[in-house]
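Input: a single structure, listed below in structure tokens.
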Amino acid sequence: MIDRTVLKEHLVKWVLVAFALSSLLFLFLIFIFILAEGLPLFLKVGLNKIIFGMKWAPTKGHFGIFPMIISSFLVTIGALIIGAPLGLSCAIYLSEYAGKRTRMLLKPAIELLAGIPSVVFGFLGVIYIVPLVRNYLGGSGFSLISTCLVLGVMILPTIISISFDALVSVPRTYREGSAAMGATKWQTIYKVIIPSAKSGILASFILGMGRAIGETMAVIMIAGNALKIPTGILDPLRTLTGNIALELAYATGDHRLGLFSTGVVLMVIIMILNYIANFGIKRKIAK
Amino acid sequence: MSFRHWVILLPLIAALISCSAASNDKPGKKHTITIAGSTSVMPFTEKLAEHFMVDHKNFIVDVQGGGSTAGIQAVINNTVELGMSSRPLKNEEKRLNTITICYDGIAVVVHPDNPVGDLDLDRIRQIFSGRISNWRELGWVDRRIDAVSREEGSGTRGAFEDLVMKGNEIDDGTMVQDSNGSVKEVVATDPYAIGYISMGLVDKKVKPVAIAHVSPSIKTIKSGRYKLVRPFLYVTNGELDTKSRRFVDYVLSKEGQQILRNEGLVGFYD
Chain V
995 MIDRTVLKEH LVKWVLVAFA LSSLLFLFLI FIFILAEGLP LFLKVGLNKI IFGMKWAPTK
1055 GHFGIFPMII SSFLVTIGAL IIGAPLGLSC AIYLSEYAGK RTRMLLKPAI ELLAGIPSVV
1115 FGFLGVIYIV PLVRNYLGGS GFSLISTCLV LGVMILPTII SISFDALVSV PRTYREGSAA
1175 MGATKWQTIY KVIIPSAKSG ILASFILGMG RAIGETMAVI MIAGNALKIP TGILDPLRTL
1235 TGNIALELAY ATGDHRLGLF STGVVLMVII MILNYIANFG IKRKIAK
Chain B
-18 MSFRHWVILL PLIAALISCS AASNDKPGKK HTITIAGSTS VMPFTEKLAE HFMVDHKNFI
42 VDVQGGGSTA GIQAVINNTV ELGMSSRPLK NEEKRLNTIT ICYDGIAVVV HPDNPVGDLD
102 LDRIRQIFSG RISNWRELGW VDRRIDAVSR EEGSGTRGAF EDLVMKGNEI DDGTMVQDSN
162 GSVKEVVATD PYAIGYISMG LVDKKVKPVA IAHVSPSIKT IKSGRYKLVR PFLYVTNGEL
222 DTKSRRFVDY VLSKEGQQIL RNEGLVGFYD
């Protein structure tokens, strides 16, 4: 009888292990397939000509994605400039000032914000942000600034929830110690709590960057998708993700491979960002 | 994407099933017609095939994409019965037979509030290659022109490059949208935009520009005065076989042409 129970326990454990490992397997397979499709073009055209090439005209043999790499970073940094102060302020309010009831109202609202599909953000952007920018700032409205505004809102949930966790996990004794020294609440926050939660806050910014750089649908709808490096905040631009989604439908042959190469570059960038974020979080735990 | 895959897969599966059925069941023998080529013609051929198969239960029409060039190549290799092309044949392809099934006009469109209503091909070429970038140069306000193009690989863009750009490159600063519908949407909302779309999609939300005083319409296309027109062709290697002829006859019949007309194309009975 006992043997059977033990056997069952083992069985359950190993089935769970198999399922858990399957996610690793999927990651591995995705990695292999993207590399298998994307690398041949790197070998054929050359790494330099793809990564630092200025011209993207895949049906005519130009596979340069440098403008898109720059554009991807520009929208990401722009989104961070808008999203980081907003998100961090919200997280500070939630963890330090908000009463239980406000927190109970705000937390689910932020989680809901994270659940809104990106196409809805894109749609709202096209209907409201783009005309606003066109009427008050100029240009076509399909621009760097519109994209940053929308992405800035989209990364808020990521920044808020991770910064909030970091702020809340600052030990109570720190706050008490600071108060005992005669520091006011705000002094405690910016002299004690934020510095001790620094790595977690930075990790939230970097994960927010990862979300912004990977965003596709909303960006295609708002960015205008021009191939040039934008020279001002009112210029349209095309990101790496946008390039893939935009052209996949008709792409054949080398054009298709070119899109996979874009995917390889994107994957490498996101891996680096995630690595930095994890490193930041780990340092915080080690502390 | 998955829908597109299914569109290709389902007929294949159907064809497989029918093959196995055909060997057992002589009287209900199915004829399979394979068609491949231009992705611009593909949606219309699919529509025609759907209607055709309703009336002709023992036919299966398998429609695949791949692009005009791939379709023509497949016809040369005899791997498909019919190729679809949205461009005229090149010299080395001229020995193949072509059947024009309809014409598609490309309209250059601007916002309805835009007073510019007439441009010539040179001007349009200069706008899209970035040499004219301000509406003032075209006699309107001092404001940048927001040109909108289609993505690389699109059939409409290919036709626009052939018919208008003639070897000049579309400027990298031009906005890009990934469907006729989104180009129309941008032009409909941005008063300073200019774009090009399939003529069938023009409605009150955008204003088609006359090209050298000729407005795009079924009439001007039929008379040959409107120049931004591309033919939608079926290509065959030699004579049509009997089963493909049945389908082509259907496409060219009043009923088939009406289907194309409903999709905004210019057929033969207008």
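Line by line, the protein sequences are chains V and B.
When you read off a place in the first sequence, starting at 1, and then add 994, the result is the number in our numbering.
Mapping to our numbering: the second sequence position 202 is 183, numbers consecutive.
Built from N, CA and C at the ideal position, the CB exists for glycine as well.
DSSP state of W121(B) mapped onto helix, strand, coil: For the purposes of this step, residue 121(B) is taken as residue 140 along the second sequence, with counting starting at 1. Looking at W121(B) - three-state DSSP - the assignment turns out to be coil, as it is neither helix nor strand.
Out of curiosity, what's the CA-to-CA distance linking G1109(V) and K208(B)? Counted from its first residue, the first sequence places residue 1109(V) at position 115. Counted from its first residue, the second sequence places residue 208(B) at position 227. Whole-angstrom Cα-Cα distance: 49 Å.
Closer than 7 Å: is that where the CB of V1039(V) sits relative to any heavy atom of the ligand MG? No copy of the ligand MG occurs in the structure displayed, which carries no ligand at all.
Interface residues of the segment 120 to 148 of chain B facing chain V [CB-CB below 8 Å]: R125, D127, E132, E133, G134, S135, G136
What are the partner residues of T217(B), as DSSP defines its beta bridges? Counting from one through the second sequence, the residue named residue 217(B) turns up at place 236. DSSP, once it has assigned bridges, lists N78(B) as partnering T217(B).
Local conformation of S234(B) per DSSP, three classes: As a position in the second sequence, residue 234(B) is number 253, starting the count at 1. Reduced to three states, the DSSP call for S234(B) is coil.
Residue range of the unbroken alpha helix (DSSP H) whose run includes F40(B): The sequence position of residue 40(B) within the second sequence is 59, counting from 1. Here F40(B) belongs to no alpha helix (DSSP H); instead the beta strand (DSSP E) covers 40 to 47.
Within the 8 Å Cβ cut-off, does T20(B) reach chain V? The count along the second sequence starts at 1 and reaches residue 20(B) at position 39. Yes, T20(B) counts as interfacial toward chain V.
Spatial neighbours of T1233(V) within its chain, please: C-beta separation below 7 Å, excluding the five flanking residues on both sides. On the first sequence, position 239 is the one that residue 1233(V) refers to. Taken in chain order, the residues that qualify are M1062, S1065, S1066, V1069, V1213, A1217.
Of all the options N243(B), G237(B), F228(B), which has the alpha carbon lying nearest to the alpha carbon of N39(B)? As a first step, residue 39(B) is located in the second sequence; it is residue number 58 there, counting from the start. Among N243(B), G237(B), F228(B), the Cα nearest to that of N39(B) is on F228(B).
Quick one: which chain B residues come within Cβ less than 7 Å of G1135(V)? Translated into the one-based positions of the first sequence, residue 1135(V) becomes position 141. Within chain B, the residues near G1135(V) are D171.
Closer than 8 Å, CB to CB, is V157(B) near chain V or not? Position 176 of the second sequence, counted from the first residue, corresponds to residue 157(B). True, the Cβ-Cβ gap to chain V drops below 8 Å.
Of the choices V97(B), T50(B), V167(B), K75(B), whose alpha-carbon is the least far from that of G136(B)? One-based indexing of the second sequence puts residue 136(B) at position 155. Ranking V97(B), T50(B), V167(B), K75(B) by Cα distance to G136(B) puts T50(B) first.
Neighbour-count burial assignment, F1199(V), 16 or more Cβ in a 10 Å radius: In the first sequence, counting from the first residue as 1, residue 1199(V) sits at position 205. F1199(V) should be labelled buried.
Counting only C-beta atoms, is D94(B) closer than 8 Å to chain V at any point? Along the second sequence, one-based indexing puts residue 94(B) at 113. It does not; no Cβ of chain V falls within 8 Å.
Which value, in whole angstroms, describes the spacing of the CA atoms of S66(B) and D143(B)? Within the second sequence, the letter at position 85 stands for residue 66(B). Within the second sequence, the letter at position 162 stands for residue 143(B). So the two alpha carbons sit approximately 14 Å from each other.
G47(B) vs A88(B) beta-carbon contact at 8 Å: Taking the first residue of the second sequence as 1, we reach residue 47(B) at position 66. Taking the first residue of the second sequence as 1, we reach residue 88(B) at position 107. Not a contact, by the Cβ cut-off of 8 Å.
CB contact below 8 Å: D153(B) versus chain V: Position 172 of the second sequence, counted from the start, is the residue given in the question as residue 153(B). Closer than 8 Å to some Cβ of chain V, the Cβ of D153(B) qualifies, so yes.
For G181(B), would you say it is in contact with chain V, using Cβ-to-Cβ distances shorter than 8 Å as the test? One-based indexing of the second sequence puts residue 181(B) at position 200. So no, G181(B) is outside the interface.
Identity of the residues DSSP links to H1056(V) by a beta bridge: Position 62 of the first sequence, counting from 1, holds the residue named residue 1056(V). Answer by DSSP bridge pairing, in chain order: A1051(V).
Is S1111(V) close to chain B, meaning its C-beta is less than 8 Å from at least one C-beta of that chain? For the purposes of this step, residue 1111(V) is identified with residue 117 of the first sequence, where counting begins at 1. Sequence check: residue 1111(V) is Pro here, not Ser. Chain B contact via Cβ: absent.
For a cutoff of 8 Å on Cβ pairs, would you count L1138(V) as touching chain B? Position 144 of the first sequence holds residue 1138(V). Taking Cβ atoms only, chain B never reaches closer than 8 Å to L1138(V), which makes this a no.
May I ask you to list, following chain order, the residues of the segment 1225 to 1243 of chain V that have a beta carbon less than 8 Å from some beta carbon of chain B? If the cut-off is 8 Å between Cβ atoms, the segment 1225 to 1243 of chain V has D1229, P1230, R1232, A1239, L1240, E1241, L1242, A1243 near chain B.
Using a Cβ-Cβ cut-off of less than 9 Å, give me the residues of the segment 97 to 123 of chain B that come near chain V, in sequence order. none
So which of S1155(V), L1145(V), L1196(V), I1024(V) has the shortest CA-CA distance to R1205(V)? Numbered from 1 along the first sequence, position 211 holds the residue referred to as residue 1205(V). Of S1155(V), L1145(V), L1196(V), I1024(V), the residue nearest in Cα terms is L1145(V).
Between the segment 49 to 73 of chain B and chain V, which residues of the former have a C-beta closer than 8 Å to a C-beta of the latter? A51
Where does S66(B) sit, in a helix, a strand or coil, going by DSSP? Here residue 66(B) refers to the residue found at position 85 of the second sequence. S66(B) falls in the strand class under three-state DSSP.
Chain-ordered chain A contacts of G47(B) [CB-CB under 7 Å]: In the displayed structure, chain A is absent; the protein chains listed are V and B.
How big is the Cα-Cα spacing for L100(B) and I108(B)? On the second sequence, residue 100(B) is found 119 positions in, with the first residue counted as 1. On the second sequence, residue 108(B) is found 127 positions in, with the first residue counted as 1. Whole-angstrom Cα-Cα distance: 10 Å.
Taking C-beta pairs closer than 8 Å, name the residues in chain V that A174(B) reaches, listed in chain order. The residue labelled residue 174(B) in the question sits at position 193 within the second sequence. Result: S1134.
Closest to L1118(V) by CA distance: which of P1102(V), V1147(V), K1101(V) is it? For this step, residue 1118(V) is matched to residue 124 along the first sequence. Of P1102(V), V1147(V), K1101(V), the residue nearest in Cα terms is V1147(V).
R206(B) (DSSP reduced to helix, strand or coil): Locating residue 206(B) in the second sequence gives position 225, where the first residue counts as 1. Reduced to three states, the DSSP call for R206(B) is coil.
Below-8 Å beta-carbon distance, L1251(V) vs any chain B residue: Taking the first sequence and counting its residues from 1, one reaches residue 1251(V) at position 257. No, no contact with chain B.
First and last residue of the alpha helix (DSSP H) that includes M156(B)? Here residue 156(B) is taken as the residue at index 175 of the second sequence, counted from 1. Segment 156 to 158 is the beta strand (DSSP E) holding M156(B); no alpha helix (DSSP H) there.
Quick check on S4(B): does DSSP put it in helix, strand or coil? Within the second sequence, numbered from 1, the residue matching residue 4(B) stands at position 23. In this predicted model, S4(B) has a pLDDT of only 42, less than 50, meaning its place in the structure is not dependable enough to derive any value.
Quick check: G297(B) and I14(B), are their CB atoms within less than 8 Å of each other? Shown here, chain B extends from -18 to 251; a query on residue 297(B) therefore has no answer.
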